[in-house]
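Residue numbers (my numbering), protein chains in the order written: chain A, 1 to 403; chain B, 1001 to 1403.
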């Protein structure tokens, strides 16, 4: 079996942890598997390099920033290969140039385009564990690029896809994907399996287990992903196309507190007004989430929508500036809100799911301010103060508890 | 004019020094020159990386060590390019892969074989200062190599040769090459010019201004080298083929305290005995320096020679083991000795130079134990305790004092 294993920066932060990872990889190697390891920079290395750059030139070109940052992973992979050698196993480290991980030229947020497999294949054939730098690539000019935060997940999946690996294990500090955040819902249960689409919804909703781009890539190329802990040998959660029995209607509950609601009151009930509003926000890179439009009355209507709380200030500034243009008489906003979502691939084919969620919230007196639904997700906007008890109630209502 | 400028690790150890180097390079750039800058790793970076490697695996493969070490220069060049950009100048950093600096595969002590010039040429044509990693290369397997300590000097000279640069400036913490070590001979004078051969003798004799391989390379390709201080704008010393007037008979005096004398007594006066002795030492990588053979008497002879003091222990062990084989009755050795040399291209064509040196030593009662001469050098072995006053006396005798 060919296995790609990815470890983040905290998993290689010091000698002891480097050796833990080395031993973990050697276990599979000694079972006869081929092992490719993808690593991030050690601990806070990347932050340290960014601070150094900021000291020299706060407006440094992104090309030079990437040239600087890629040294971080190169240190990790060289030290890891040394640790494996010390444990008596043949290992070799490779950087983005040596593998040839081709990206576009968007320094700092580059996208992987193609990964050459020959060098890795040759080293595997020579009986070595291959340790590869995550997070980085090379563009057509032969310059170094980085994939942005969380990019090492993407590197691991792309390498797994290019090598037709049997699985791609992403090691994190959690055991896998849970039905809800165990810090909030104590009886949350670890999911043995989720689909790519569910995983994407979990990631979008703030359960930051996997980088979104890596899940999209895994879905595109059918790479079997496994999310598991670097601290123990628990099975973890398998992310793959939905082949599971339809027993679990709802896979999990997730909350997102980085949200705020804005309402525009008394807008003219004419075509094109909503477009004007949302286009203006989009032009300023502000993403709109849930949208609610009141039924027109007396020739006016109200529009409410949510934005990321971090975008609230900019949104308000744009609205004040364009209030006449948007034909609104005034605006309101609310910061103390949160989104609560249930996620599950079986949702659409099972009526009554939304009703059961709303009933659970109603039973404990939680008011629903807005509603949004997708194929595999139902999201409601509620007061932020209600998040914890709402999450628990919904979790219980769908019986997602441990067996 | 195309100028290659090389700065060592201490010249780029912190923000202030990085900016000093950046400004110094920009001065030339703004005069209309093309500038290529070669840098070592910042301050003690290389030592730090070596310590990290030793912590993980004291017997790490040299291939992985080089993979680790090359990150040091990459950090330097990226930060330097950022500093130049902050000063409003277009600059770009390049590593060994991006330039393509081809070496053999002798990890840790690799030899440069060829440097591609196209990328550097393109960036110069685009009006940029090009900042290149010293000390490193890429072998035919696409793996990273390092050239060994002092290798950045070699990188600079090799790039200057490949680009047909007009000059190659090596910046150090001294003003240039002196007639003697100014800490020992207070009235020592800075030499405006020396030949490649003289520079090689100075380097070999412990005046560690330039790495020997870089001088050999400069000689081979006729690269005009300039040794100057990174701390001031003094002219420095030009190293080039000997076109200077023959005014200065002797360019300088240098001492080497890393030496020891060994004597083998009562060897058979037969052909092949000396060969046996020196061949045995050579097979164990022990270099012999001055050799003195007594005239045969009673069918026996004595042979004395010097080795580096750091090789003394190994030499003695070999001699004890082979005493019968070498037909010697016994051996002696002396550790408290030093070599004192005068160096000068005009020496051979001027008789009486050796006599003047010996007279100066005799006048102050310094005993000469052994003598060795080359085309441009006369070396004597003396007691180590006499080095300082011997150096001053010889320096005075040849009137090498400041004007």
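Just so it is clear, CB atoms sit at the ideal spot from N, CA and C, and this is done for glycine as well.
Residue-level contact to chain A via CB, residue i, 9 angstroms cutoff
i: residue 1402(B); result: Confidence at residue 1402(B) is low in this model, with a pLDDT of 46, below 50, so its placement is unreliable and no value can be given for it.
i: residue 1159(B); result: no
i: residue 1396(B); result: no
Below-9 angstroms beta-carbon distance, residue i vs any chain B residue
i: residue 309(A); result: no
i: residue 15(A); result: yes
i: residue 142(A); result: yes
i: residue 119(A); result: yes
i: residue 8(A); result: no
9 angstroms Cβ cutoff met for residue i and residue j
i: residue 1039(B); j: residue 1050(B); result: no
i: residue 96(A); j: residue 137(A); result: yes
i: residue 1003(B); j: residue 1166(B); result: yes
i: residue 158(A); j: residue 100(A); result: no
i: residue 1302(B); j: residue 1263(B); result: yes
i: residue 53(A); j: residue 1084(B); result: no
i: residue 251(A); j: residue 194(A); result: yes
i: residue 1140(B); j: residue 1105(B); result: yes
i: residue 120(A); j: residue 37(A); result: no
i: residue 70(A); j: residue 154(A); result: no
i: residue 1288(B); j: residue 1275(B); result: no
i: residue 1290(B); j: residue 1220(B); result: no
i: residue 1012(B); j: residue 1043(B); result: yes
i: residue 380(A); j: residue 364(A); result: no
i: residue 1387(B); j: residue 1201(B); result: no
i: residue 209(A); j: residue 176(A); result: yes
i: residue 1335(B); j: residue 1385(B); result: no
i: residue 253(A); j: residue 239(A); result: no
i: residue 75(A); j: residue 1068(B); result: yes
i: residue 5(A); j: residue 169(A); result: yes
Residue i (DSSP reduced to helix, strand or coil)
i: residue 1014(B); result: coil
i: residue 1256(B); result: strand
i: residue 79(A); result: helix
i: residue 1197(B); result: helix
i: residue 392(A); result: helix
i: residue 1398(B); result: coil
i: residue 1002(B); result: strand
i: residue 345(A); result: coil
i: residue 370(A); result: strand
i: residue 229(A); result: strand
i: residue 1068(B); result: helix
i: residue 1056(B); result: helix
i: residue 245(A); result: Here residue 245(A) scores only 49 on pLDDT, less than 50, and its place in the model should not be relied on; the value that follows carries that caveat. Residue 245(A): coil per DSSP, three-state reduction.
i: residue 1376(B); result: coil
i: residue 1047(B); result: helix
i: residue 364(A); result: coil
i: residue 1026(B); result: helix
CB contact check: residue i to chain E, cutoff 9 angstroms
i: residue 194(A); result: Looking for chain E here will not work: the only protein chains present are A and B.
Only counting runs of 4 or more residues, tell me where the alpha helix (DSSP H) segments fall wholly within the stretch 83–161 of chain A, in order along the chain. 96–99 and 118–125
Taking only runs of the beta strand (DSSP E) that begin and end inside the stretch 1199–1226 of chain B, which ones reach a length of at least 3 residues, in chain order? none
Note down, one range per segment and in chain order, each beta strand (DSSP E) of at least 3 residues found wholly within the stretch 259–336 of chain A. 260–268, 288–293, 300–307 and 330–334
Can you pull out the residues from the stretch 17–49 of chain A whose beta carbon lies closer than 9 angstroms to at least one beta carbon of chain B? Flagged, chain order: 18, 19 and 49.
Mind checking the stretch 75–105 of chain A against chain B and listing, in chain order, the residues whose C-beta falls within less than 7 angstroms of any C-beta there? Against chain B - using a Cβ distance shorter than 7 angstroms - the residues of the stretch 75–105 of chain A are 75, 78, 79, 81, 82, 83, 85, 86, 93, 97 and 98.
By the 9 angstroms beta-carbon criterion, what residues does the stretch 1050–1075 of chain B contribute toward chain A? Answer set for the stretch 1050–1075 of chain B: 1052, 1053, 1055, 1056, 1057, 1058, 1059, 1060, 1061, 1063, 1064, 1065, 1066, 1067, 1068, 1069, 1070, 1071, 1072, 1074 and 1075.
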